[in-house]
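Single-structure report; data block below.
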Amino acid sequence: MNLEINRRRLIQYASAIGGVAVINGLPVVARAATVTRRNVTDSAAQKDLDIYRAAVDAMKNKIPASDKRNWTVQASIHQNHCPHGNWYFLPWHRAYLAAFENIIRDVAQKADFALPYWNWTTGPTIPTPFWTGALNDTTRRVTATTPMPASAVGLTVINSQVLSQTNYQAFGSYMPSGQNSLDNKWQRAGGGTGALEGTPHNTVHGTIGGNMGNYMSPLDPIFWLHHCNVDRLWAVWRSMGRADETNSYWRDFTFPSNFYLPNGTPISPVVKNQLSTEALGYVYDNGRTPNLAAEAVAALAASPTAAVPAGGNPLEGAVLADSASFTAAIGKPETAPVKRASTANLLAAAPPSSANPRYYVILDKVVPPTDPSVGLRLFIDTPGANAETPVEDKGYVGSVAFFGTHDAGHGGPHTVTFVLDVTEKAEALNLKDGRENAITLVPVALNDDKAASKVSVASAKIVAI
């Protein structure tokens, strides 16, 4: 019976990634039951957590480095291939999770295993089981009681700054600058960091630190549950009627031989085959709006900004104001005026695409700190803002963080572009009426290490689309 289930799992996975499964030399088509990924803190997830713990122990201590199922080998896939700061971030990591989940099933000989997820919005501290045994990572720079920052993972932020995005790139990161082909060189080229990646994703990596702060982050067993939650939020976003990117440079892109079947055979997923979790054989445990307040989702759907066309890309928006370059550091916030030409002339030259435009702040060509455990808080017209200024302040517009930008040779961009949605505060902060504004950048330590904190920004822009 187990042999038959595993056979069907292999067929289903190979079909989902766009390949053809071959059993005993013959192509076969079959379908296995869909598994459910559950919140790791739910009692229903205990069975999968136990399977995961045992498999992690085996991959670390029993499976040799010559075997693609080895723990370090699996982490090296991320080091060697992962895209960050561009529009392949979400589909690549979805394919990575699916391949890894398949390997866990093989190691544990449990065909119905599903990776749990860590919902850092409802449970912001690293779950207790991840502090002992095979699931522990001694390089972490947080304790069992350290919460992930509410300014990055709280329900208000997830609703108003992440799930509110109607454009795929604003949600899931941006097309590499200048991309004109499906060549593999674009897989890790810099584009721009969207709401989901730049705020909750990066902040969790940077706050935990240690292995989680660099491109070998999958060495920490919490990585996989963190990314399951990121993947879950993509599924939630799609369930709200949002549309994925339609550009063929995104949909038809292949990740060549990036991942492995349990027998060591390389596989090459195509982006368009990663869009449906059901097609990949899994769903998340509580449907359309997991762990989000139903009334908040309803409010988002009813808001005027929700009607903005899905094609609106902030990086192509009308630039209303721009700043000169500036540098800030922990303990040394910096305020930069954003100067406007005639707003009327600017809007006539490049008008927003909607009668109800969204407004964004773009931090362009940010030179990151050498230590990734630094977050950036952004304030508008709050020149005295510092690390003690509460995020409830009327001038606070959002937080972002870095990930992997200090890894030598990882293939990622040397600078980062962040895009923050400030639509909900545009009127209160006078972004619509042509007044001059000032942007204050406040670097903050995400954990106890405050070293190497300087951050330089080529320019800060206010755009409308």
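Counting in the working numbering, the sequence shown runs from 8 upward without gaps. Think of the CB as a built atom: it goes at the ideal place given N, C-alpha and C, for glycine as much as any other residue.
query, result
"Residue span of the beta strand (DSSP E) that contains Y124, given as start and end", "Taken as a continuous stretch (DSSP letters only), Y124 belongs to no beta strand (DSSP E), as it is neither H nor E."
"E108 versus T422: straight-line alpha-carbon distance, rounded", "33 Å"
"Own chain residues within Cβ distance below 7 Å of D238, not counting five before or after", "H100, R101 and L104"
"Minimum length 4: unbroken alpha helix (DSSP H) runs contained in the region 73-148", "78-88 and 96-115"
"G248, buried or exposed, once every other Cβ within 10 Å from all chains shown has been counted against 16", "exposed"
"As assigned by DSSP and simplified to three states, the class of F266", "strand"
"Extent of the continuous alpha helix (DSSP H) to which R239 belongs", "I229 to S246"
"The ligand FAD heavy atom lying under 7 Å from the CB of A392", "Among the ligands in the structure shown, none appear at all, so the ligand FAD cannot be discussed."
"S264 classed as buried or exposed, judged by whether at least 16 other C-beta atoms fall within 10 angstroms", "exposed"
"Nonlocal neighbours in the same chain, by C-beta distance under 8 Å from P71, ignoring five residues either side", "N77"
"Residue closest to L226, alpha-carbon to alpha-carbon, out of A52, F409 and Q81", "Q81"
"Cβ-based burial, D371 [other Cβ within 10 Å; buried from 16]", "buried"
"Integer Cβ distance of N444 from L453, believed to fall under 8 Å", "In fact, because the Cβ distance is near 27 Å, the residues do not count as touching under 8 Å."
"Cβ separation of G179 and L203, assumed to be a contact under 8 Å, to the nearest whole Å", "6 Å"
"Straight-line Cα distance separating A62 from A115", "6 Å"
"4-residue-minimum alpha helix (DSSP H) runs that sit fully inside the region 139-211, ordered along the chain", "157-160 and 175-179"
"Rounded separation between V290 and V42 - CA only", "6 Å"
"Whole-angstrom distance between P379 and S463, CA atom to CA atom", "14 Å"
"Given 8 Å, three or more beta-carbon pairs between the region 132-152 and the region 398-411", "no"
"Nearest-angstrom beta carbon gap, L448 and P340 [assumed within contact, 8 Å]", "6 Å"
"Nearest residue (CA-CA) to P515, options G338, G405, T377 and T430", "Since the first and last residues shown for the chain are 8 and 472, residue 515 lies out of range."
"Buried or exposed (CB count within 10 angstroms, at least 16 for buried), G140", "exposed"
"Same chain, Cβ closer than 8 Å to C235, five either side skipped, listed in chain order", "R44, L104, L122, P123, Y124 and W125"
"Contact check, F266 vs A394, beta carbons under 8 Å", "no"
"Pairwise C-alpha distance: L170 and N218", "28 Å"
"The alpha helix (DSSP H) enclosing D55, as first and last residue numbers", "Q53 to N68"
"S275, enclosing alpha helix (DSSP H) - first and last residue", "Run containing S275: none; DSSP gives neither H nor E here."
"Residue from V345, S246, T214 and W193 whose Cα sits closest to the Cα of F96", "W193"
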